[in-house]
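Here is the structure we will look at.
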Amino acid sequence: MIVPDLVSAAEDDRALEELNVWLESRDADERIAWALETLPGHHVLSSSFGAQSAALLHLVTRHQPEVPVVLIDTGYLFPETYRFADALTERLSLNLKVYRPEIGIAWMEARLGRLWEQGLEGIERYNRLRKIEPMRRALKELGARTWVAGLRRSQSESRRNIRVLELREGRWKIHPLADWTDRDIWNYAQQHKLPYHPLWERGYVSIGDVHTTRAIAEGLRAEDTRFFGLKRECGLHFD
Amino acid sequence: MNAPLSAVEKIKSESRHLRGSLIESLADPVTGAIADSDTQLIKFHGSYQQDDRDLRDERRRQKLEPAYSFMIRTRLPGGVVTPEQWLKLDAIATGHANGTLRLTTRQAFQFHGVVKQDLRATMQAINASLIDTIAACGDVNRNVMVAANPHESRAHAAVFDWAARLSERLKPKTRAYYEIWLGEERVAGGEGDFEPVYGATYLPRKFKIAFAVPPVNDVDVFAHDLGFVAIVERGGLVGFNVTVGGGMGATHGDAATYPRLADILGFIAPEQIFAVAEAIVTTQRDFGDRTERKHARLKYTIADRGLDWFKREVERRTGFAIQPARPFAFERSGDRFGWTDSENERSHLTLRIEAGRVADNSARRQLSGLRAIAKIHRGEFRLTPNQNLIVANVAADDRAAIDALVADYGLDEFRSATPLRLDALACVALPTCALAMAEAERYLPDLLSKLEALLDKHALRDTPILLRISGCPNGCSRPYLAEIALVGKAPGRYNLMLGGDVRGQRLNRLHRENIDEPAILAELDALFARYAAERHEGEGFGDFLLRVGVIAPALRPITTPMEITT
Numbered sequence: 004m005i006v007p008d009l010v011s012a013a014e015d016d017r018a019l020e021e022l023n024v025w026l027e028s029r030d031a032d033e034r035i036a037w038a039l040e041t042l043p044g045h046h047v048l049s050s051s052f053g054a055q056s057a058a059l060l061h062l063v064t065r066h067q068p069e070v071p072v073v074l075i076d077t078g079y080l081f082p083e084t085y086r087f088a089d090a091l092t093e094r095l096s097l098n099l100k101v102y103r104p105e106i107g108i109a110w111m112e113a114r115l116g117r118l119w120e121q122g123l124e125g126i127e128r129y130n131r132l133r134k135i136e137p138m139r140r141a142l143k144e145l146g147a148r149t150w151v152a153g154l155r156r157s158q159s160e161s162r163r164n165i166r167v168l169e170l171r172e173g174r175w176k177i178h179p180l181a182d183w184t185d186r187d188i189w190n191y192a193q194q195h196k197l198p199y200h201p202l203w204e205r206g207y208v209s210i211g212d213v214h215t216t217r218a219i220a221e222g223l224r225a226e227d228t229r230f231f232g233l234k235r236e237c238g239l240h241f242d
Numbered sequence: 052m053n054a055p056l057s058a059v060e061k062i063k064s065e066s067r068h069l070r071g072s073l074i075e076s077l078a079d080p081v082t083g084a085i086a087d088s089d090t091q092l093i094k095f096h097g098s099y100q101q102d103d104r105d106l107r108d109e110r111r112r113q114k115l116e117p118a119y120s121f122m123i124r125t126r127l128p129g130g131v132v133t134p135e136q137w138l139k140l141d142a143i144a145t146g147h148a149n150g151t152l153r154l155t156t157r158q159a160f161q162f163h164g165v166v167k168q169d170l171r172a173t174m175q176a177i178n179a180s181l182i183d184t185i186a187a188c189g190d191v192n193r194n195v196m197v198a199a200n201p202h203e204s205r206a207h208a209a210v211f212d213w214a215a216r217l218s219e220r221l222k223p224k225t226r227a228y229y230e231i232w233l234g235e236e237r238v239a240g241g242e243g244d245f246e247p248v249y250g251a252t253y254l255p256r257k258f259k260i261a262f263a264v265p266p267v268n269d270v271d272v273f274a275h276d277l278g279f280v281a282i283v284e285r286g287g288l289v290g291f292n293v294t295v296g297g298g299m300g301a302t303h304g305d306a307a308t309y310p311r312l313a314d315i316l317g318f319i320a321p322e323q324i325f326a327v328a329e330a331i332v333t334t335q336r337d338f339g340d341r342t343e344r345k346h347a348r349l350k351y352t353i354a355d356r357g358l359d360w361f362k363r364e365v366e367r368r369t370g371f372a373i374q375p376a377r378p379f380a381f382e383r384s385g386d387r388f389g390w391t392d393s394e395n396e397r398s399h400l401t402l403r404i405e406a407g408r409v410a411d412n413s414a415r416r417q418l419s420g421l422r423a424i425a426k427i428h429r430g431e432f433r434l435t436p437n438q439n440l441i442v443a444n445v446a447a448d449d450r451a452a453i454d455a456l457v458a459d460y461g462l463d464e465f466r467s468a469t470p471l472r473l474d475a476l477a478c479v480a481l482p483t484c485a486l487a488m489a490e491a492e493r494y495l496p497d498l499l500s501k502l503e504a505l506l507d508k509h510a511l512r513d514t515p516i517l518l519r520i521s522g523c524p525n526g527c528s529r530p531y532l533a534e535i536a537l538v539g540k541a542p543g544r545y546n547l548m549l550g551g552d553v554r555g556q557r558l559n560r561l562h563r564e565n566i567d568e569p570a571i572l573a574e575l576d577a578l579f580a581r582y583a584a585e586r587h588e589g590e591g592f593g594d595f596l597l598r599v600g601v602i603a604p605a606l607r608p609i610t611t612p613m614e615i616t617t
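Taken in order, these protein sequences are the chains called A and B.
In case it helps, our numbering puts the first sequence at residues 4 to 242.
In case it helps, our numbering puts the second sequence at residues 52 to 617.
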């Protein structure tokens, strides 16, 4: 097939769809190679340093060791997450770029209370302040034209329809692992001897902030373990 | 919610169908200006009051009022004039105005520097040439643009015919123009004091219409409030795709204002054109914002209420459904220079007129040259949407004589100039335009020479690159569609916009804000170097900048959801 050029894909939904059809036929490593070669720089990789984050970090940095890796530090991550980030940064020689919200946690709580306990509206406000704002700033300051993220369709209902390549707020966004299952992640991690997040062993499947993450239990889907089941997405990847 | 109407709305509503106190203002011998309220109304008659901004400070020191003069713009659907009309317009420019004819980006003539005492005589002279200036400016449908070379096919001629008839249909019906300028007796309550389409307060803001004939998008159809893209099958016109809500104007530092590409509404048959155009114009008349003039163009009405709402409202008014858009494809905007032939065995010569200024100066004598051509030419002249001129419908026997005159008078720049120079556009700007923040037309030649030196350095001299410069963000030179645009910010300082395409289908993006010439040249030098080294075969500069990420993809990318037929 003829792969549409990037300019056409930027301006015509059908060309973007054709490009996605082609990308679906490649494996994750080929998608990453294509993205780093074809999509405009600067390329930026985001990671939550969550349960299964090591695979994408490993895949991308093998091609581009210096790629900036953005971690949004809400101030409320698990101690295990901070230690996992340190360990992976060391192990993979990551060019880690930590971005934090404008407002510190003590001040935010003094001003607005415990937003995450204030229902859906509070959670959304919390996410805007602690995640979306610093991520926007990160992408802007790093001059990102291309954003690589580890979203997978099997992670949740909300992610079931993601495309490999998307245009988001005037940027390319690529999800090289879109079609990977937990099993694919496991196999890759085994093959490359990559660590899982320490909380994975304790039943945490989607790891965010301390107060809005719980372990999986009988009758829960993975997506139910976040934000008290009120929502799944923090808003970084979806509007 | 209930914001007060803008001041201009009050002036319009009290104007008795555009009469105001223009007759009194023209008769006032004390000043070279007209009353403030009349400066709004005179636009509807095709004129702007301006003053020479080069002289402002000096006049102030001398305790004189500004050097007021008037610009007059013609209404000329598709920009077509006969040689006889050309000679008359030339005589008016020489006798009443500043000795130059200005061809505009909307296929009109402009006269500059007409003083008040001479205004009525000039208007009468224009009308004596069977050209008028009604609704050339103001909050009405303005000059209807048409793809520049209607004789290339049967379909072109049909498109031109529809455009001319639509122009007539949307012309204001008030007799004010004839009373004020041509001395017609006022018939109180007579016909013409009723505006069936516009009503007593006309439109909220200006309204622009263009007709394009693919594959050429010389009119930049997506830049207009209302566009008609001709759908041609087997050489015949079968209908139009209708585009709505384009517009170039913006205000620096005001994010609520922005250039916008038109949306494609759908397809209509030719005979539906009046009903659809009137439904669109009256929808904008009734729903456009009359409280804030910066937010009054159709593009904001559609952006605020949604295209689906707009389509339903238009269909409600027409009583019939608009069909799905038909496939079409544009290959490029701009003009094609030199001779072209058409199926009626006539030839057409497109001449480059830099910044549209037809004048005699030391370098070339274009005004005299075109006068000489007009005296022997048996076809007509056609103004292009890009400030150039076509000597149209030339018989084979006459070509040699016209070629000789073109060479004699220095009208042959099109044979040697770089593509950059040939395609460049500049608005009038200083010294006459009241809105200008920086030079445009007067700066263009110098800027082009400096850019050509850069292109030479990178062996890009023969590469077409679309450059447009505008003295302010309102965008008369349609800068936001250019691959490179300079938009005036302050004297000598511009916003550098990059990344439009060559088909008029992509807006460029702000690249550097408020920079001076050395910074502009340094930026472009670096980008030209990169372009020369990394471009793909046949890749345009704007496409290149988008591909490599110098500019970002648009937030609202899809405006042309048609099948790609190429």
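Every residue gets a Cβ at the ideal spot worked out from N, C-alpha and C, and that includes glycine.
- Along the stretch 579-599 of chain B, the positions whose C-beta sits under 7 angstroms from a C-beta of chain A are D594, L597, R598, V599, read in chain order.
- In this structure, the CA atom of B/G150 is about 24 angstroms from the CA atom of B/T90.
- Beta-bridge annotation (DSSP): B/A179 is not paired with any residue.
- As DSSP reads the structure, B/L402 sits in a beta bridge with B/L440.
- In the DSSP assignment, B/V191 falls outside any alpha helix (DSSP H) and carries neither an H nor an E.
- In the three-state reduction of the DSSP assignment, B/A536 falls in the strand class.
- Out of A/E124, A/L145, A/D32, the CA that lies nearest to the CA of A/L74 is found in A/L145.
- By the criterion of at least three beta-carbon pairs nearer than 8 angstroms, the stretch 417-433 of chain B is in contact with the stretch 136-149 of chain B.
- Spatial neighbours of A/H45 in its own chain (CB-CB distance under 8 angstroms, excluding positions within 5 residues in sequence) are listed in chain order as P71, L145, G146, A147, R148, T149.
- Under the 10 Å beta carbon count, B/G600 is surrounded by 16 or more other beta carbons and is classified as buried.
- With fewer than 16 other Cβ atoms inside 10 Å of its own Cβ, A/I108 counts as exposed.
- Distances from the CA of A/E40 to each of A/D8, A/G53, A/L19 were compared; the closest alpha carbon is that of A/D8.
- Scanning chain A for C-beta atoms nearer than 7 angstroms to the C-beta of B/P604 yields A13, L170, G173, reported in chain order.
- Here the stretch 128-136 of chain A makes contact with the stretch 109-118 of chain A; the two share three or more CB pairs at distances below 8 angstroms.
- Rounded to the nearest angstrom, the gap between the Cα atoms of B/L486 and A/A13 is 35 angstroms.
- Interface annotation, A/G44: in contact with chain B, CB-CB separation under 7 angstroms.
- Between A/H195 and A/I210, the gap from beta carbon to beta carbon reaches 7 angstroms or more.
- In the three-state reduction of the DSSP assignment, A/D212 falls in the strand class.
- Among the residues of the stretch 541-569 of chain B, those with a Cβ less than 9 angstroms away from any Cβ of chain A are D552, Q556, R557, R560, in the order of the chain.
- C-alpha of B/F325 to C-alpha of B/M122: approximately 31 angstroms in a straight line.
- Residue A/R205 holds the alpha-carbon nearest to the alpha-carbon of A/I219 among A/F230, A/D212, A/R205.
- DSSP, reduced to helix, strand and coil, places B/E366 within a helical segment of the structure shown.
- With its beta carbon at least 7 angstroms from every one in chain B, A/L97 lies outside the interface.
- Here DSSP, grouped into helix, strand and coil, assigns A/I219 to coil.
- With a threshold of 16 other beta carbon atoms within 10 Å, A/Y85 falls short and is exposed.
- Residue-level contact by beta carbon holds for A/L9 and chain B, with a gap shorter than 7 angstroms.
- Relative to B/E394, the option among B/S204, B/P436, B/G593 whose CA is nearest is B/S204.
- Your pair B/N268 and B/R377 does not check out as a contact, with CB atoms roughly 16 angstroms apart and the cut at 8 angstroms.
- By the Cβ neighbour-count rule, B/Q101 is buried, with 16 or more other Cβ atoms within 10 Å of its own.
- Here the alpha carbons of B/Y253 and B/D355 stand approximately 21 angstroms from one another.
- Within the same chain, and ignoring the five residues on either side of B/T342 in sequence, the residues whose Cβ sits closer than 7 angstroms to its Cβ are A54, P55, L56, S57.
- Restricting attention to alpha helix (DSSP H) runs no shorter than 4 residues, the stretch 260-343 of chain B encloses them at 324-338, ordered along the chain.
- One alpha carbon belongs to B/P117, the other to B/I185, and they sit about 27 angstroms apart.
- For the stretch 136-151 of chain A, residues whose beta-carbon sits nearer than 9 angstroms to a beta-carbon of chain B comprise G146, R148, T149.
- For the options B/R519, B/Y228, B/M174, B/Q335, the alpha carbon positioned closest to that of B/L498 is the one of B/R519.
- Relative to the Cα of A/Y191, the nearest Cα in the group A/S49, A/R34, A/F52, A/A58 belongs to A/A58.
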